[in-house]
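Shown next, in structure tokens, is the structure this report addresses.
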Amino acid sequence: MYTGEFLPKSWVDLKIEKGHRVLYLLNVPVLRFSYIFGASRLKRSLIILFTYALFCIPGFLLHHTMTSLMINHPINFMASSVIRTLSQSQRMQLPMLRPTRMHALSIKSDLEIMRQQMVVVDDDESYAMKGGEGPHSYAKNSIIQKGLIDGSKRLIQEAISQSFDPKEHIHGNDESSTPICIADLGCSTGPNTFFAMQTITEAIQLQFQSHGLASQIPDIQVLFNDQVSNDFNTLFKNLPQQRIYYATAVPGSFCGRLFPKQTLHLVHSSAALCWLSKLPNEITDSDSSACNKGRIHYTDAPKEVADAYATQYRKDMGNFLHARAQELVGNGLMLLQFPVSNVVLDSDVDPAKVFELIGTCLVDMAKVGVISEEKVDSFNVPLIYPSVKAVKEILRGCDECFSIEWMEILEFKNMVSLPTVQIFVSWFRAALQGMIEKHFGAEIVDELFERFAEKVKEFPDIMDKDKLKLDVLFEKEQAKAIGCVIQCEHHQIERNCLLLNLGFDCC
Ligand SMILES: C[S@@+](CC[C@H](N)C(=O)[O-])C[C@H]1O[C@@H](n2cnc3c(N)ncnc32)[C@H](O)[C@@H]1O
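Next comes the structure, spelled out in structure tokens:
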């Protein structure tokens with residue numbers, strides 16, 4: 091909303107315009123009069139000044155008073171009506187209705203400044219998990235992701251005890267110390283995010299206690315982030331009553347800026363960085379060699395398709411790191427965990443194989459006419475299980491902003507007790523249902539996942555813990571002294587350029 095001085099400025103313009111008219115109207119007869127009486131040039135000038143002082147200045151003051159009455163006291167409607175009638179009788183336009191050109195230019199430049207200051211609204215496609223608490227909801231079908239959070243609990247605790255310095259958060263005896271801000275990026279609808287936040291806040295509390303600062307723990311603020319289409323109502327409905335933090339929702343894509351500069355002390359993200367912000371355009375372009383016809387993922391697709399996914403992933407990760415580098419305070423911490431494909435042997439099963447199975451179910455449904463072939467061709471799942479090597483390369487490229495303190499591959503099979511077919515299928519259904527409904531319509535969802543369950547039974551290796559090479563990469567990254575980057579422009583440019591090397595166009 092524009093909050094500049096729209097009315098006062100316009101009224102100033104009116105006063106100037108009106109003043110000139112009055113002066114002109116008065117001066118014409120006065121000048122005629124003085125000519126008739128043969129007054130000298132000096133006398134004529136003095137007469138003009140005198141008339142100006144006598145009529146115009148009081149006119150101005152009267153006008154100004156009436157104007158401010160109208161602006162400041164809407165109740166004084168009569169004053170405004172008088173002015174309006176007067177203005178109309180003088181065939182003047184009301185300034186509120188027609189700003190002058192100069193004024194229009196000033197509004198334009200104010201808007202331009204505001205636009206530059208605005209948080210950039212991203213054009214991400216949104217793939218929120220199934221909301222609510224029904225039988226197919228994410229809240230009821232995320233036990234596997236919970237296993238990942240439990241599996242990295244020890245690492246999170248260790249990371250905080252080694253790298254979170256409570257003294258940095260104590261400012262003498264200042265009662266108004268700033269809160270510790272923690273962001274959980276890609277939190278979904280719960281409850282897993284609550285377990286993660288509990289682990290983190292308790293570890294912070296312990297850290298203060300072990301430094302003898304138990305009585306000086308600042309307030310803790312948790313910022314729950316997810317896509318705008320996420321079901322934040324379910325999340326906040328189930329917020330734990332026993333918690334030691336204040337909770338806030340921050341909707342939007344984590345691939346862009348979400349928080350003010352240098353405000354986050356700790357960032358956590360679990361099982362979310364594997365989602366692409368958007369599908370690469372070329373995979374649905376029939377003229378492109380990366381067109382992914384008849385499949386819904388890069389698994390078993392031509393190399394060009396996998397390359398297109400990988401390029402988008404590098405771009406997203408680059409944007410993610412770039413945004414966090416600005417939002418984290420110096421020495422801030424990022425605790426990230428996301429699935430990686432760890433296929434080494436021929437006998438290993440690539441976790442992305444699951445999408446090949448779901449893809450064949452859709453193709454089968456197209457063959458019997460339940461859905462159209464074109465619909466299948468234009469549908470792709472925006473999820474990637476990158477290789478550890480690819481992730482390391484990306485992270486190595488941003489050592490200007492972050493130092494990677496610790497990277498550990500957690501074996502999926504040690505964290506999760508692999509479920510029944512039904513739980514396995516529901517796991518994917520909770521994640522994919524939203525985008526399938528959006529693309530094909532809600533009526534196909536039951537049939538699709540029934541077919542998928544049959545395929546999983548036909549291909550049991552997909553659930554075999556020893557063969558499925560889905561692992562979790564846990565990274566603890568510590569922001570370097572970002573403060574100097576923010577203060578010093580050319581560092582900022584260096585950093586942008588550095589990220590540009592990763593292949594994205596933020597500069
Ligand atoms: C599998 S869920 C993980 C939820 C939770 N962290 C957990 O461990 O249970 C992935 C979440 O990441 C969110 N997500 C994916 N891409 C995102 C993005 N670019 N910005 C914000 N959230 C995103 C999805 O909406 C989804 O809620």
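The opening residue of the sequence shown carries number 91 in our numbering; numbering runs sequentially from there.
Where a beta carbon is used, it is the ideal one built from N, C-alpha and C, also for glycine.
Cα atoms of Val439 and Lys220: separation of roughly 27 angstroms, rounded to the nearest angstrom. In this structure, Phe344 has its beta carbon less than 6 angstroms from a heavy atom of ligand 1. Counting of Cβ neighbours within 10 angstroms places Gly459 among the exposed residues, the total staying below 16.
Along the length of the segment 373-428, whole alpha helix (DSSP H) runs at least 4 residues long occupy 393-417, reported in chain order. With the rule of 3 Cβ pairs closer than 8 angstroms, the segment 505-516 does not count as touching the segment 424-438.
Collapsing the DSSP output to three states places Ser477 in a strand. Rounded to whole angstroms, Met455 and Lys528 show a C-alpha spacing of 17 angstroms. In the three-state DSSP reduction, Thr450 falls in the helix class (H, G or I). With fewer than 16 neighbouring CB atoms inside 10 Å of its own CB, His261 falls in the exposed class.
Counting of Cβ neighbours within 10 angstroms places Ala304 among the exposed residues, the total staying below 16. Within 10 angstroms of the beta-carbon of Tyr399 lie 16 or more other beta-carbons, which makes it buried.
With fewer than three CB-CB distances shorter than 8 angstroms, the segment 470-488 does not count as touching the segment 223-230. Here Val430 is buried: its Cβ has 16 or more other Cβ atoms, across all protein chains shown, within 10 Å.
Take the alpha-carbon of Glu495 and the one of Cys451: they are about 43 angstroms apart. In the structure shown, Gln568 adopts extended strand secondary structure according to DSSP, grouped into three states. With contacts defined as CB atoms closer than 7 angstroms, Val515 and Phe542 qualify as a contacting pair.
In the DSSP assignment, Asn282 falls within the alpha helix (DSSP H) that extends over Asn282 to Ser300. Residue environment: Gly302 is assigned as exposed (fewer than 16 neighbouring CB atoms within 10 Å of its CB, all protein chains considered). Under the 8 angstroms Cβ criterion, the segment 240-259 counts as touching the segment 291-300, having at least three qualifying pairs. DSSP places Asp436 in the coil class of the three-state scheme, outside both helix and strand.
Ranking Leu500, Glu540, Arg385 and His355 by CA distance to the CA of Ala273 puts His355 first. Shown here, Gln331 sits in coil according to DSSP, grouped into three states, outside any helix or strand. Residues of the same chain with a CB within less than 6 angstroms of the CB of Gln402, apart from the 5 flanking positions on each side, are Leu366 and Pro370 in chain order. Residue state for Asn323 is assigned as helix, using DSSP reduced to three classes. In the structure shown, Ser493 adopts extended strand secondary structure according to DSSP, grouped into three states. For the options Leu447, Glu501 and Lys457, the alpha carbon positioned closest to that of Lys555 is the one of Glu501. Here Phe349 has Glu417 as same chain residues with Cβ atoms under 6 angstroms from its own Cβ, once five neighbours each way along the sequence are excluded. Pairing Thr353 with Cys277 gives a Cβ-Cβ distance that is not under 7 angstroms.
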